[in-house]
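These notes are about the structure you will find just below.
In the working numbering, the protein residues as written are 146 to 343.
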């Protein structure tokens with residue numbers, strides 16, 4: 146009865162009401178204001194990948210909704226709402242998945258950097274220990290060379306100082322023999338010959 150009493154204008158308004166809900170499409174989601182700042186290439190690539198993963202599974206559903214809106218607008222309205230809810234949920238899952246991948250990649254990079262730093266630290270520690278060993282060896286060699294050089298300089302400056310006492314004793318002994326008053330065998334023989342000749 147109510148449907149019979151309704152005017153054609155009310156029926157047209159009822160038919161147009163379901164189409165009031167906007168159905169998200171790829172063209173609408175890609176629209177950006179002209180004054181929006183341009184993103185770096187890496188961020189832009191990430192946003193494109195995020196958008197592709199979020200919208201690609203719903204391409205077929207959006208086409209079905211477009212056909213349903215032309216054929217039965219009343220049924221298309223609740224279907225579009227349900228698809229919109231699922232799409233938001235899917236976008237949040239995709240965003241979380243991409244963020245998790247970024248965290249895993251960052252952790253992997255940090256892990257590799259930590260391994261490289263550990264290897265470099267071990268190499269530097271080994272090099273430091275080798276340098277300490279060489280430094281101790283050079284220190285000992287330098288000390289030994291210094292002692293030898295000092296000994297050579299002492300011998301050069303005072304060449305007879307160690308044997309000075311011994312040389313003095315020898316000189317004194319020679320003088321004692323020369324002036325001891327004992328007859329020299331050579332002088333005695335010559336004197337005897339001269340006496341015989343006379």
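Beta carbons: idealized from backbone N, C-alpha and C, even for Gly.
Nothing here was measured: the structure is a model prediction, and the numbers come from that model.
Query raised in the report: Beta carbon of residue 240, beta carbon of residue 199: below 9 angstroms?
Result: Within the chain shown, numbered from 1, the residue matching residue 240 stands at position 95. Within the chain shown, numbered from 1, the residue matching residue 199 stands at position 54. The answer is yes: Cβ separation under 9 angstroms.
Query raised in the report: When the Cα atoms are used, what is the spatial distance from residue 290 to residue 299?
Result: Along the chain shown, read from residue 1 onward, the residue named residue 290 stands at position 145. Along the chain shown, read from residue 1 onward, the residue named residue 299 stands at position 154. For residue 290 and residue 299, the distance between alpha carbons rounds to 14 angstroms.
Query raised in the report: For residue 225, does the count of other Cβ atoms within 10 angstroms reach 16, so buried, or fall short, so exposed?
Result: For the purposes of this step, residue 225 is identified with residue 80 of the chain shown, where counting begins at 1. Residue 225 should be labelled buried.
Query raised in the report: If we count the other Cβ atoms within 10 Å of its Cβ and call it buried at 16 or more, is residue 282 buried or exposed?
Result: Working through the chain shown from its first residue, we reach residue 282 at position 137. Exposed is the call here.
Query raised in the report: Do residue 213 and residue 221 have their C-beta atoms within less than 9 angstroms of each other?
Result: Counting from one through the chain shown, the residue named residue 213 turns up at place 68. Counting from one through the chain shown, the residue named residue 221 turns up at place 76. Yes; because the gap between Cβ atoms is below 9 angstroms, this pair is in contact.
Requested in this report: Within its chain, find whatever has a CB closer than 8 angstroms to the CB of residue 309; leave out the 5 residues flanking it on each side and keep chain order.
Outcome: As a working note, residue 309 is residue 164 in the chain shown. Because residue 309 sits at a pLDDT of 48, beneath the cut-off of 50, its placement in the model cannot be relied upon, and the following sentence gives the value as read from the coordinates. If we look at residue 309 and ignore the five residues flanking it on each side, it has no Cβ neighbours.
Query - Range of the contiguous alpha helix (DSSP H) that encloses residue 344 - result: Because the chain spans 146 through 343 in this model, residue 344 falls outside it and cannot be assessed.
**Report entry** residue 193: first and last residue of the uninterrupted alpha helix (DSSP H) it sits in
**Finding:** Here residue 193 refers to the residue found at position 48 when the chain shown is read from its first residue. From DSSP, the alpha helix (DSSP H) with residue 193 extends over 186 to 200.
Query raised in the report: Which same chain residues, not among the five before or five after residue 236, have their C-beta less than 7 angstroms away from its C-beta?
Result: Working through the chain shown from its first residue, we reach residue 236 at position 91. Excluding residues within five positions, the ones whose Cβ falls inside 7 angstroms are 199.
**Report entry** 9 angstroms Cβ cutoff met for residue 191 and residue 243
**Finding:** As a first step, residue 191 must be located in the chain shown, where it is residue number 46. As a first step, residue 243 must be located in the chain shown, where it is residue number 98. It is a contact, given that the beta carbons lie within the stated cut-off.
Query raised in the report: In angstroms, rounded to a whole number, what distance separates the CA positions of residue 267 and residue 250?
Result: The count along the chain shown starts at 1 and reaches residue 267 at position 122. The count along the chain shown starts at 1 and reaches residue 250 at position 105. When rounded, the distance between both Cα atoms is 26 angstroms.
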